[in-house]
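Chemist: Residue numbers (the working numbering), protein chains in the order written: chain A, 1 to 387; chain B, 1001 to 1135. Before I ask anything, let me first share the structure, which is written out below as structure tokens.
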């Protein structure tokens, strides 16, 4: 081909000045839920984006005002359904803070074990779906997806043995946990996390030696330290942007101060940095679960006797903001109680909502293929974005 | 000024005229670069209250900013010029409470459809408010 202009069009993908408007979603496989991006494109380059959310909105905050403190925790698990333990924990902690309700040490450790296993399960789903999104470039990207789902299923087996459910648990309640661990569960957990730990090395070998994976993630979707803070980035994302902030360390809750773990930080701020942080977090979670199982104290799992009707748990007048370090970042619950059995006002601070709001700031100028890689690296769960 | 919440935290309430000034002071002087969330509370006949939480991560210091709007008032200055993260949060707040954030670059509904009637988190909005069938 001798026409240099034609060659430029093929290589750059663009030669003219017209803009193409492309609707991506809401039912797009890489959206991990129902997310719609109205993209303006010049060739392959994104020049504008309107992010449309709300397809999964159920008005949890209004719902919480109509449900009692014993009813809502099992509904809270539906906000972030990929890591349901986390949102339950945020809600019951807020109620406990306002009502100054003590939680027995054994229940605190059980909460830690549940939260860390949940982080492992959630990160498994993230790694699998994210690499699947980048699909063909990783040599039949479904390989890692299937491996990760297999590992996630093992962790869900543990939850099933613990509470009888695999996705939405109802494990936490105000004052403690609802279930104690069944006989032999301890060993099952140790076996599972040992297996996951071994498999992690295999995934890293598969991905990090893959040149396509590096090209598609390194230097892509860079979020600066300043933008990360202004947007309210949290969890693995802010730690991928060079801010070593972890609520488990900054403001320990549920006895996290008893455990020895590292807070992994990367400074590049790109998709690869966020990947590295999460891979390191897998291992830290495994460490925490081992320590919690070793040191699991004996005693009761709830600080209050059971009630015969749902309206009997009342929380004194007051307000508090409780937050936990979820798989996707800071899951917060701002609760105002008026002395009755239901909250006066409850606000969810969904980690995914704040994390996702970075997209209009970083997608401009990216190639359309990078949109998918960046979305996946943010790891949004739309139940939590839309609440 | 009163201390509230867990950890080293402060709550500051100001009249609505000084809301933006307080935001700038929190960010520039107190180093609260991190925008956590903003929301509102409907205190029925006493009017609406806007609440925002910002943090200085290096000093592990949290600040809760509050301003009470006079009863019947729905206008409040926007914090978007100070923290870009306020953009979606204030859109949600407008969607749910009908608070008009002045100076917001793109104030439209975010979670509900653009043609939704009413603002669901107002106490006057009944839980079972009927709405037209889905198109």
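Note that beta-carbon positions come from the ideal geometry of N, C-alpha and C, so glycine has one too. None of these values were measured; they are calculated from a predicted model.
I want to verify the contact list: residues of chain A whose CB lies under 9 Å from the CB of residue 1120 of chain B, in sequence order.
Modeler: For the purposes of this step, residue 1120 of chain B is taken as residue 120 along the second chain, with counting starting at 1. Ordered by position in chain A, the residues that pass the 9 Å Cβ test against residue 1120 of chain B are 59, 61 and 62.
Chemist: Which residues, in chain order, does the region 235–265 of chain A contribute to contact with chain B at a C-beta distance below 7 Å?
Modeler: Residues 243, 245, 250 and 251.
Chemist: Do we get a CB-CB distance below 7 Å when we pair residue 1056 of chain B with the residues of chain A?
Modeler: Locating residue 1056 of chain B in the second chain gives position 56, where the first residue counts as 1. No, its Cβ sits nowhere closer than 7 Å to a Cβ of chain A.
Chemist: Can you pull the chain B residues whose beta carbon is under 7 Å from the beta carbon of residue 345 of chain A, in chain order?
Modeler: Within the first chain, numbered from 1, the residue matching residue 345 of chain A stands at position 345. Chain B residues near residue 345 of chain A: 1041.
Chemist: Along the chain, where does the beta strand (DSSP E) containing residue 343 of chain A start, and where does it finish?
Modeler: Start at 1 with the first residue of the first chain, and residue 343 of chain A comes out as number 343. Residue 343 of chain A -> beta strand (DSSP E) spans 343–349.
Chemist: What residue does the alpha helix (DSSP H) around residue 386 of chain A start on, and which one ends it?
Modeler: Here the question's residue 386 of chain A lines up with position 386 in the first chain. For residue 386 of chain A, the enclosing alpha helix (DSSP H) covers residues 382–386.
Chemist: Take every Cβ of the region 1034–1041 of chain B, pair it with every Cβ of the region 229–238 of chain A, and state whether three or more of those distances are shorter than 8 Å.
Modeler: yes
Chemist: Relative to the C-alpha of residue 332 of chain A, which residue among A:102, A:184 and A:235 is closest?
Modeler: To locate residue 332 of chain A, count along the first chain from 1; it is residue 332. The option with the nearest alpha carbon to residue 332 of chain A is A:235.
Chemist: Determine the chain B residues that contact residue 106 of chain A at a beta-carbon separation under 8 Å, and present them in chain order.
Modeler: On the first chain, position 106 is the one that residue 106 of chain A refers to. Result: empty, since nearest Cβ-Cβ is about 22 Å, beyond 8 Å.
Chemist: With DSSP run on the structure shown, which of helix, strand or coil describes residue 1076 of chain B?
Modeler: Stepping through the second chain from its first residue, residue 1076 of chain B is reached at position 76. Here residue 1076 of chain B sits in strand by DSSP.
Chemist: Hey, how far is the Cα of residue 70 of chain A from the Cα of residue 310 of chain A?
Modeler: Within the first chain, the letter at position 70 stands for residue 70 of chain A. Within the first chain, the letter at position 310 stands for residue 310 of chain A. So the two alpha carbons sit approximately 6 Å from each other.
Chemist: Identify, in the order they occur along the chain, each residue of the same chain with its Cβ nearer than 7 Å to the Cβ of residue 107 of chain A, setting aside the five sequence neighbours on each side.
Modeler: Here the question's residue 107 of chain A lines up with position 107 in the first chain. The residues are 176, 177, 301 and 302.
Chemist: What's the gap between the Cα of residue 1118 of chain B and the Cα of residue 1125 of chain B?
Modeler: Taking the first residue of the second chain as position 1, residue 1118 of chain B is located at position 118. Taking the first residue of the second chain as position 1, residue 1125 of chain B is located at position 125. Roughly 7 Å separates the two Cα atoms.
Chemist: Using a Cβ cut-off of 7 Å (strictly closer), state whether residue 102 of chain A contacts chain B.
Modeler: Sequence index remark: in the first chain, residue 102 of chain A carries index 102 (1-based). Interface with chain B (7 Å Cβ-Cβ cutoff): residue 102 of chain A is excluded.
Chemist: Quick one: residues in its chain with C-beta nearer than 6 Å to the C-beta of residue 1053 of chain B, no 5 flanking neighbours on either side, listed in chain order?
Modeler: As a first step, residue 1053 of chain B is located in the second chain; it is residue number 53 there, counting from the start. Hits under 6 Å: 1036, 1037 and 1064.
Chemist: Nearest to residue 49 of chain A by alpha carbon, out of A:116, A:56, A:57 and A:39?
Modeler: Counting from 1 along the first chain, the entry for residue 49 of chain A is found at position 49. When only C-alpha atoms are compared, the closest one is A:39.
Chemist: Quick check for students: name the residue ranges of the alpha helix (DSSP H) that lie wholly in the region 181–234 of chain A, counting only runs of 4 or more.
Modeler: 185–208, 211–217 and 225–231
Chemist: Under 7 Å between the Cβ atoms of residue 382 of chain A and residue 33 of chain A?
Modeler: Your numbering for residue 382 of chain A matches position 382 in the first chain. Your numbering for residue 33 of chain A matches position 33 in the first chain. Yes, the pair counts as a contact, with Cβ atoms nearer than the cut-off.
Chemist: State the Cα-Cα distance for the pair residue 373 of chain A and residue 353 of chain A, rounded to the nearest angstrom.
Modeler: Translated into positions along the first chain, residue 373 of chain A becomes position 373. Translated into positions along the first chain, residue 353 of chain A becomes position 353. In a straight line, the C-alpha of residue 373 of chain A is about 18 Å away from that of residue 353 of chain A.
Chemist: Does residue 357 of chain A come within less than 7 Å of chain B when only Cβ atoms are used?
Modeler: Within the first chain, the letter at position 357 stands for residue 357 of chain A. True, the Cβ-Cβ gap to chain B drops below 7 Å.
Chemist: Apply the 10 Å Cβ neighbour rule to residue 1059 of chain B and answer buried if 16 or more other Cβ atoms are within range, or exposed otherwise.
Modeler: Residue 1059 of chain B sits at position 59 when you count from the first residue of the second chain. Exposed, because fewer than 16 other Cβ atoms sit within 10 Å of the Cβ of residue 1059 of chain B.
Chemist: Taking a contact to mean a Cβ-Cβ separation below 7 Å, would you say residue 1122 of chain B touches residue 1095 of chain B in this structure?
Modeler: Stepping through the second chain from its first residue, residue 1122 of chain B is reached at position 122. Stepping through the second chain from its first residue, residue 1095 of chain B is reached at position 95. No, Cβ-Cβ distance for residue 1122 of chain B and residue 1095 of chain B is not below 7 Å.
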